[in-house]
Every structure is written in C-alpha cells, then in structure tokens.
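A short worksheet on the structure shown next.
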Amino acid sequence: MISNDPLLQPYQLKHLTLKNRVMSTSHEPAYSEDGMPKERYRLYHAEKAKGGMALTMTAGSAIVSRDSPAAFGNLHVYDDRIVPWLAELADACHEHDCKVMIQITHLGRRTGWNKADWLPVLSASPVREPAHRAFPKTIEEWDIERIVADYAAAAQRCQAAGLDGIEFESYGHLMDGFWSPATNHRDDDFGGSLDNRLRFTDMVLDAVRTAVGEKFVVGIRMVADEDFEKGLPKEEGVEIARRLANSGKVDFLNIIRGSIETDAALTKVIPVTGMRSSPHLDFAGEVRAATKFPTFHAARISDVATARHAIATGKLDMVGMTRAHIADPHIIRKVMEGREHEIRPCVGATYCLDRIYEGGEALCVHNAATGREATIPHIIAKSEGPKKKVVVVGAGAGGLEAARVAAERGHQVTVLEASSQAGGQVRLATQNPRRKELIGIIDWRLAELDRLGVEIRYDTWAEKDDVLALAPDVVIVATGGMPQNPPLTTGDNLVTSSWDIMAGSVKPAENVLLYDDNGGHQGMGAAELIANSGSKLELVSPERFFAPEMGGLNHVPYMRAFHEKGVTVTINTRLRSVRREGNQLIAELASDFADGWRGERRVDQVVVEHGTAPLDDLYLSLKPLSKNGGAVDYERLVSGGDIFPQRNPEGGFVMFRIGDAVASRNIHAAIYDGIRFGIRI
Numbered sequence: 001m002i003s004n005d006p007l008l009q010p011y012q013l014k015h016l017t018l019k020n021r022v023m024s025t026s027h028e029p030a031y032s033e034d035g036m037p038k039e040r041y042r043l044y045h046a047e048k049a050k051g052g053m054a055l056t057m058t059a060g061s062a063i064v065s066r067d068s069p070a071a072f073g074n075l076h077v078y079d080d081r082i083v084p085w086l087a088e089l090a091d092a093c094h095e096h097d098c099k100v101m102i103q104i105t106h107l108g109r110r111t112g113w114n115k116a117d118w119l120p121v122l123s124a125s126p127v128r129e130p131a132h133r134a135f136p137k138t139i140e141e142w143d144i145e146r147i148v149a150d151y152a153a154a155a156q157r158c159q160a161a162g163l164d165g166i167e168f169e170s171y172g173h174l175m176d177g178f179w180s181p182a183t184n185h186r187d188d189d190f191g192g193s194l195d196n197r198l199r200f201t202d203m204v205l206d207a208v209r210t211a212v213g214e215k216f217v218v219g220i221r222m223v224a225d226e227d228f229e230k231g232l233p234k235e236e237g238v239e240i241a242r243r244l245a246n247s248g249k250v251d252f253l254n255i256i257r258g259s260i261e262t263d264a265a266l267t268k269v270i271p272v273t274g275m276r277s278s279p280h281l282d283f284a285g286e287v288r289a290a291t292k293f294p295t296f297h298a299a300r301i302s303d304v305a306t307a308r309h310a311i312a313t314g315k316l317d318m319v320g321m322t323r324a325h326i327a328d329p330h331i332i333r334k335v336m337e338g339r340e341h342e343i344r345p346c347v348g349a350t351y352c353l354d355r356i357y358e359g360g361e362a363l364c365v366h367n368a369a370t371g372r373e374a375t376i377p378h379i380i381a382k383s384e385g386p387k388k389k390v391v392v393v394g395a396g397a398g399g400l401e402a403a404r405v406a407a408e409r410g411h412q413v414t415v416l417e418a419s420s421q422a423g424g425q426v427r428l429a430t431q432n433p434r435r436k437e438l439i440g441i442i443d444w445r446l447a448e449l450d451r452l453g454v455e456i457r458y459d460t461w462a463e464k465d466d467v468l469a470l471a472p473d474v475v476i477v478a479t480g481g482m483p484q485n486p487p488l489t490t491g492d493n494l495v496t497s498s499w500d501i502m503a504g505s506v507k508p509a510e511n512v513l514l515y516d517d518n519g520g521h522q523g524m525g526a527a528e529l530i531a532n533s534g535s536k537l538e539l540v541s542p543e544r545f546f547a548p549e550m551g552g553l554n555h556v557p558y559m560r561a562f563h564e565k566g567v568t569v570t571i572n573t574r575l576r577s578v579r580r581e582g583n584q585l586i587a588e589l590a591s592d593f594a595d596g597w598r599g600e601r602r603v604d605q606v607v608v609e610h611g612t613a614p615l616d617d618l619y620l621s622l623k624p625l626s627k628n629g630g631a632v633d634y635e636r637l638v639s640g641g642d643i644f645p646q647r648n649p650e651g652g653f654v655m656f657r658i659g660d661a662v663a664s665r666n667i668h669a670a671i672y673d674g675i676r677f678g679i680r681i
C-alpha cells in the first residue's frame, strides 16, 4: 500500500534514493574508542536504521587533521584505520536500506591546544572562541595547503568505506571562520571580499571533487546567518548558499542559523526545554526558496507533526529529527505501523548534549537503551520463563519504567502510589513553567502502562501488609527519597527545602538565601522560581563553579533569569549554621579554603538543597521476608546471569530497590535502574 504521508515519500538525491524524508543529522555522541566508530557507535546508528529512517549522518564532526584535536569524542577521519570501522557501520545500516553519510571538518578554533598532540589551534584570524578558550594562531599558507589536502584524503577514506556521502561542517569551525567578518580580519587573498572569504572553501571543494569524483554525494552543513551584530549577516549567508548551489560542486545544503561560540549562543541554535521548537525552520525554507536546491535542516524538530509540516509545505527536502531519535530511534517504523501515539517523546531536556559538552557520552534523559544497545534493548522481549506477579511501589519515573518493562515481559504488574498522581520528582520539576515539557516522561509511560493493562492504585501508602496481600513474586521498591538538609551546626529547624518552594507549599520571602549543596536542577529550579517571584535572592554554593551537575546548555536559561532578576551568585562558600534574630534569620557562612573565616547574611528565609535521603522504611520491613534479602549481584547485573542471590530459602519473593530509593541521583539513573532490572525478571 502506497502512503500519502509526506514524511514517507521517497526522495532522489543524485543517484541515491532515500526511502523517506526523515534523517538524523550529524552529531557526536562520544561513543568512539581511540577515535574509531567501533561496536557501540555502530549499534547506535544501526538501531535508527532498524527504526526506519532514510539517512543517518555520523560524526559531529570527524576531524581531518591532527591539529584539529577532538573536542568531544570526535572521530579521526585523518587516520586510515577508520576505514574498516566505517565500512562495518555502513554495512549494518545498509541492511535496513538506510543510507549513511559522515560530516568532516577541521575544528579550527573550536577545540583546545592542550589535547592530543599539543599542536597549535588555528583559525582564519587570531580571534578566540569563548567556549573552548584557546587563542588561535593565524592560519598560514602552508597550513591551508596541507589542510586542503587533508580534506581530500579524508573524503577518499569515507568513499573507500562505502559511505553514501559526506558533508562539510561550516558553522563555528575553520571553514566558515573564513566566511564571517567576526572571525576573518585578514587583508590578504583570503580576507575582505566575499570572493576572498570563500577562497578556502573553493579550494577544499575542488580538492575533494578531484579526489572522489562527481558521483560521490558531497554536501555542506552551513551557517547562513550568524544572527549577531559582528557575524555573518543573512544577506551574505544566503548569497553563499546560492553560490554553493550553483557551483556544481555540492549536492545539498544543510542549513543552520546562529552562532555557537558561547553556551548562550548555542542554545539559540540547539534550543532546550522551555525554548521555541523548530525556531529556524522558516528560515531554512527561505534558503530553499532562494536557492531552489536540496535543503536539509534540524533544530528541535522533535515531533512528527512539525516534521510532516516541514516537508508538506516545501520548506525542506529532508527533515532532521536528531534528538528525537535519541529518545526513540523507531519513530518512522511507528508512523508506518499506525503507532504514532506510541512514539517516546523528546522532552527537550538536552541531557544528551550537556553530557557530551561536559566530557561524557550522549544519554537520553528517559531512554536508557540509547547508547547501550549491546546490553539494553529498545524493544522488550517477552520472558521465556513463567508469568510472575510484580508489585512496584512508587510511580515516579523509575517505578513507571520498571512497571512498563515488566509488563512488556509478560508479567502481571500492579503499581502502588502514595499520592493521587504519578510522577514523583519529575512532576515537581515541572512546577517550573519553563520545564513543563518534562511531564512527557511520565505521560508516555502512563499511556504505555494503560496499553499494557497495568493497574495503578493511587492514594495508597503501601506498608508491608499491603504488599504481601498481593502475593508477589517480585517486589520493586521505587519509593524515591525525601529532601534532606545539608550538614549544619545549628538551625536545621529554621531552613526551608527546595521542594517546598517548587511545590508551592512555602512561598518565597522578600529576602532569600538559597544554599545549593547538590549542584543540579533541583536547586536551580527553586532559585529560578524565587527570582521570578520578585524576591531578592543570593545563591550560595560550596562548589568552585555553581551547578556542576548540570551542563552548559541547561545552564543558560537559569543564568538568563538570574541576570535579569539581579540574583547574586556566591561560590566557594558553605552554609555553616542558621539562627533566628528577631523576625529574621542569620545565615553563618564558612570557607573550605580559609580556616576560621566567617561571613553572615541577614535574610528572611534560608532555602536549602542537599539531595534526598532514601524513603526506605518499606524496603527494610520487607527485606527479611525476601529470597534475596534485597541483595543484587552487581557483577552479573553488568555481565549477565542471575542477579538475585538466594540468601533466604524461606523468602516468598525477590525484592530490589531502584532510583532514589537507593540513593539521591537523577531521572536517567532511575529509568536506567528500571529497565536494566526489569529485563532480568
């Protein structure tokens, strides 16, 4: 049956037939090993291929030269050793009729000098990029000659590996560093006029075409408007797009708008939760109309309806749903099967990218299988063993995930929840209006549990007898935690928890000190609500930089609010004690660095954030009655085998706890616990 869905129509790009209009644009998940895309990298892309997408772009970006050291796990396409690894990846995706391309680049100033071989960072002119802080040298003619040759050699390696094409990265990197007036101050043949500023690009294109021929697909992901006063203006950017389209040297344009030299600028290119969806889609459509050339684009196009609109209205030829496929790599398969409502939503948390930019690997805040395809399945298989009665206590993110997985395994699942609504700390986080999209984490799981026939009993404060009455074979304790105070010498009874502020049970006072001794969204969310309420706020942290558990992209909207509302931020300082003095509180501050140093703040309210203490009464009461005494074999949890040791032959059930019922962690940790334990039942 032929579909009329615009997203499912094939697209002819040169000699390539792309089976539908959906792609994942190039990005670096930091799954590489020694700069090579080995098993983890391959399985990540192969899963999206299985899920039905037409084109997956690897690497964001693969580096062509040694003096472009990896900034966040980049692939080493300057190394011949990459060819067989890329070939394996391409073959794995081609099995599912998914085309594979790679993005190649010289990072220019967007990296550090004290990495890899400690070679100088370079750029068109010696203009420092704030995000990576290196002071670049001015690129010389001999640098240009060798880097052009490096591009050509890298393209040949990609072709030899059987990839379907390449694209150049030209936003924030070396190539467009020549384009932009903000980064090109040269007075030679590579500066000044637009012709001169495009000279390096022309040299690279000519060298690459000579190396790979006319039949290999070559495109460019390019900034067509840097959208700041000193940057590349829209008029010049669109003109560059026209020239490239008319050059006969490239086969598609992948359009970007904005600058990425600071975290604040980057969020305009890659918006986080609470920011506009698809903010540059119309602009990309303008470039397509101006060039009449194959146009790709991705920037927070996270839902099928928007992607469908982008194709149906002719704004794009191929639509990138990159973060959306990190959340659910099977989007297109679900659309094809009429299961669009079952797509796991991208909620814009941007946990994935914040981890990369902080030196970790990409992980989805609520899909723990992404990046772990070797051990965690995206599609849960039915258990080959007997059907069991599973009781899950707690309907937060972790409990709902455990219930979902156990039900998918074919077990009979009952969830007991103390409150009248599911969601736990996720629902608390959404009390910050800017982060209300996070409720998708809960809503998707509730819909899945409804589909799977799982019973949720609300307003049930489960005690031992309530659980035993259900005659369980497995008990999953997902009761979470309760807020705890930081260590204080005095004044425990005088402080307010961040939870009270977030829940609205305590209103912010006129003059507030918030002490954040956790460093994540919990304290920052409370601080944002306090600031937006009109209170005078000082945010105090013992860290050498505040909110270390939160990455740079999520940092931006908090800091914007703090600057706009006049919040004072004090780091390297501890809250030692709190005492009452008249109608106010005296917060005594101390230093880890100077023994005996003390400071004081006179305020109306002290709010504290110090994570949670496990709510473990139920666990402790059931522990002696369980077969495994609550124990888990961690070695087998990681490597395989029966994870529940038999410690009590008289026990009636297996029991374990997950998420914050174990220790204060985060949403992803709870969901990861839920699935990796759930698949072992």
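Residues in the sequence shown are numbered from 1 upward in steps of one, following full-length UniProt numbering.
Cβ coordinates follow ideal geometry from the N, Cα and C atoms, glycine included.
> Mind checking M482: buried by the 16 CB within 10 Å criterion, or exposed?
Replying inline: As a first step, residue 482 must be located in the sequence shown, where it is residue number 482. Counting Cβ neighbours within 10 Å, M482 comes out exposed, since fewer than 16 surround it.
> What three-state label does DSSP hand F283 in the structure shown?
Replying inline: The residue given as residue 283 occupies position 283 in the sequence shown. In this structure, F283 counts as helix in the three-state DSSP scheme.
> Relative to the C-alpha of S180, which residue among A161, E167, F200 and D164 is closest?
Replying inline: The sequence position of residue 180 within the sequence shown is 180, counting from 1. Taking only the C-alpha atoms, the option nearest S180 is F200.
> V556 by DSSP, collapsed to three states: which one?
Replying inline: For this step, residue 556 is matched to residue 556 along the sequence shown. Helix, per DSSP.
> Could you give the residue range of the alpha helix (DSSP H) that holds N114?
Replying inline: Against the sequence shown, residue 114 aligns to sequence position 114. It is not in any alpha helix (DSSP H) - N114 carries neither H nor E in the DSSP assignment.
>> If distances are taken between C-alpha atoms only, which option among E408, E33 and G172 comes closest to E261?
In response: Position 261 of the sequence shown, counted from the first residue, corresponds to residue 261. Comparing Cα positions, the closest option is G172.
>> Buried or exposed for V390, going by 16 or more other Cβ atoms inside 10 Å?
In response: Along the sequence shown, one-based indexing puts residue 390 at 390. V390 is buried by the Cβ-count criterion.
> So which of S24, T273 and G629 has the shortest CA-CA distance to Y558?
Replying inline: Your numbering for residue 558 matches position 558 in the sequence shown. Comparing Cα-Cα distances from Y558 to each of S24, T273 and G629, the minimum goes to T273.
> Bridge partners of D516, per DSSP?
Replying inline: Walking along the sequence shown from the start, residue 516 turns up at place 516. In DSSP, D516 forms a bridge with E609.
> What are the boundary residues of the beta strand (DSSP E) that includes K389?
Replying inline: As a first step, residue 389 is located in the sequence shown; it is residue number 389 there, counting from the start. From DSSP, the beta strand (DSSP E) with K389 extends over K389 to V393.
>> Based on DSSP bridge pairs, tell me the residues matched to Y458.
In response: Locating residue 458 in the sequence shown gives position 458, where the first residue counts as 1. None, per the DSSP bridge assignment.
> Mind checking E510: buried by the 16 CB within 10 Å criterion, or exposed?
Replying inline: In the sequence shown, counting from the first residue as 1, residue 510 sits at position 510. Exposed.
> Who are A590's beta bridge partners in DSSP?
Replying inline: One-based indexing of the sequence shown puts residue 590 at position 590. The partner list for A590 (beta bridge, DSSP) reads R574 and R598.
> Between the beta-carbon of R445 and the beta-carbon of L513, is there less than 8 Å?
Replying inline: Against the sequence shown, residue 445 aligns to sequence position 445. Against the sequence shown, residue 513 aligns to sequence position 513. Result no, Cβ atoms of R445 and L513 do not sit closer than 8 Å.
>> Spatial neighbours of I356 within its chain, please: C-beta separation below 6 Å, excluding the five flanking residues on both sides.
In response: Residue 356 sits at position 356 when you count from the first residue of the sequence shown. Cβ neighbours of I356 beyond the five flanking positions: A30, F72 and A362.
> What runs of the alpha helix (DSSP H), each 4 residues or longer, lie entirely inside the region 172 to 206?
Replying inline: 174 to 177 and 194 to 197
>> Considering only the alpha carbon of each residue, which of H297, D251 and L618 lies closest to R21?
In response: Within the sequence shown, the letter at position 21 stands for residue 21. Out of H297, D251 and L618, H297 has the C-alpha closest to the C-alpha of R21.
> Does the beta-carbon of R560 have 16 or more other beta-carbons within 10 angstroms, so that it is buried, or is it exposed?
Replying inline: Taking the sequence shown and counting its residues from 1, one reaches residue 560 at position 560. Its Cβ having fewer than 16 others within 10 Å, R560 is exposed.
> If P494 and R580 are in contact, beta carbons under 8 Å, what's the gap, nearest whole angstrom?
Replying inline: On the sequence shown, position 494 is the one that residue 494 refers to. On the sequence shown, position 580 is the one that residue 580 refers to. At residue 494 the sequence reads Leu, which differs from the Pro that was named. With a Cβ gap of about 6 Å, L494 and R580 count as contacting.
> Which of helix, strand or coil does DSSP assign to V405?
Replying inline: Your numbering for residue 405 matches position 405 in the sequence shown. Correct three-state label for V405: helix.
>> Looking at T210: is its Cβ nearer than 8 Å to the Cβ of H27?
In response: Within the sequence shown, the letter at position 210 stands for residue 210. Within the sequence shown, the letter at position 27 stands for residue 27. Cβ distance not < 8 Å, so T210 and H27 don't count as in contact.
> For the region 621 to 638 against the region 653 to 664, are there 3 or more C-beta pairs whose distance is under 8 Å?
Replying inline: yes
> Is D500 near the ligand GTP, judged by its Cβ being under 7 Å from some heavy atom?
Replying inline: The ligand GTP is not part of this structure, which contains no ligands at all.
> Near D500, what residues of its chain come up, given a Cβ to Cβ distance below 6 Å and the 5 sequence neighbours on each side ignored?
Replying inline: Within the sequence shown, residue 500 is the residue found at index 500, counting from 1. Excluding sequence neighbours, D500 sits near V506.
>> Only counting the same chain, and skipping five residues up and downstream in sequence, which positions put a Cβ closer than 7 Å to that of H96?
In response: The sequence position of residue 96 within the sequence shown is 96, counting from 1. Cβ neighbours of H96 beyond the five flanking positions: A49 and K50.
> What do you get for P69, buried or exposed, if any count of 16 or more other CB atoms within 10 angstroms of its CB means buried?
Replying inline: Position 69 of the sequence shown, counting from 1, holds the residue named residue 69. Counting Cβ neighbours within 10 Å, P69 comes out buried, since at least 16 surround it.
>> Quick check on the DSSP output: the alpha helix (DSSP H) that includes S621 runs from which residue to which?
In response: Taking the first residue of the sequence shown as position 1, residue 621 is located at position 621. It spans D617 to L622 - the alpha helix (DSSP H) in which S621 sits, taken as one unbroken run.
>> Residues in the same chain with beta-carbon distance under 6 Å from G577, minus the five sequence neighbours each way, listed in chain order, please.
In response: On the sequence shown, residue 577 is found 577 positions in, with the first residue counted as 1. Here the sequence assigns Ser to residue 577, which means Gly is not the residue at that position. Around S577: L488, T489, T490, G491 and E588.
> Based on the DSSP secondary-structure assignment, which residues constitute the bridge partners of L416?
Replying inline: For the purposes of this step, residue 416 is taken as the residue at position 416 of the sequence shown. V393 and R457, per the DSSP bridge assignment.
> Would a C-beta distance cut-off of 8 Å place A462 and V393 closer than the cut-off?
Replying inline: As a first step, residue 462 must be located in the sequence shown, where it is residue number 462. As a first step, residue 393 must be located in the sequence shown, where it is residue number 393. Contact: yes.
> Below 8 Å between beta carbons: does that hold for L539 and D354?
Replying inline: The sequence position of residue 539 within the sequence shown is 539, counting from 1. The sequence position of residue 354 within the sequence shown is 354, counting from 1. The answer is no: Cβ separation not under 8 Å.
> Straight-line CA distance for G551 to L452?
Replying inline: The sequence position of residue 551 within the sequence shown is 551, counting from 1. The sequence position of residue 452 within the sequence shown is 452, counting from 1. One C-alpha to the other measures close to 36 Å.
> Which whole-angstrom value is the C-beta distance of S420 and D450, which I expect to be below 8 Å?
Replying inline: Here residue 420 is taken as the residue at index 420 of the sequence shown, counted from 1. Here residue 450 is taken as the residue at index 450 of the sequence shown, counted from 1. So it is not a contact: roughly 17 Å between Cβ atoms.
> Who are F653's beta bridge partners in DSSP?
Replying inline: Looking up residue 653 in the sequence shown gives position 653. For F653, which the question treats as bridged, DSSP gives the partners S626.
> Expressed to the nearest angstrom, what Euclidean distance is found between the alpha-carbon atoms of D673 and S639?
Replying inline: Along the sequence shown, one-based indexing puts residue 673 at 673. Along the sequence shown, one-based indexing puts residue 639 at 639. Straight-line Cα distance between these residues: approximately 15 Å.
> Cα separation between H185 and N432?
Replying inline: The residue given as residue 185 occupies position 185 in the sequence shown. The residue given as residue 432 occupies position 432 in the sequence shown. Rounded to whole angstroms, H185 to N432 spans 44 Å at the Cα level.
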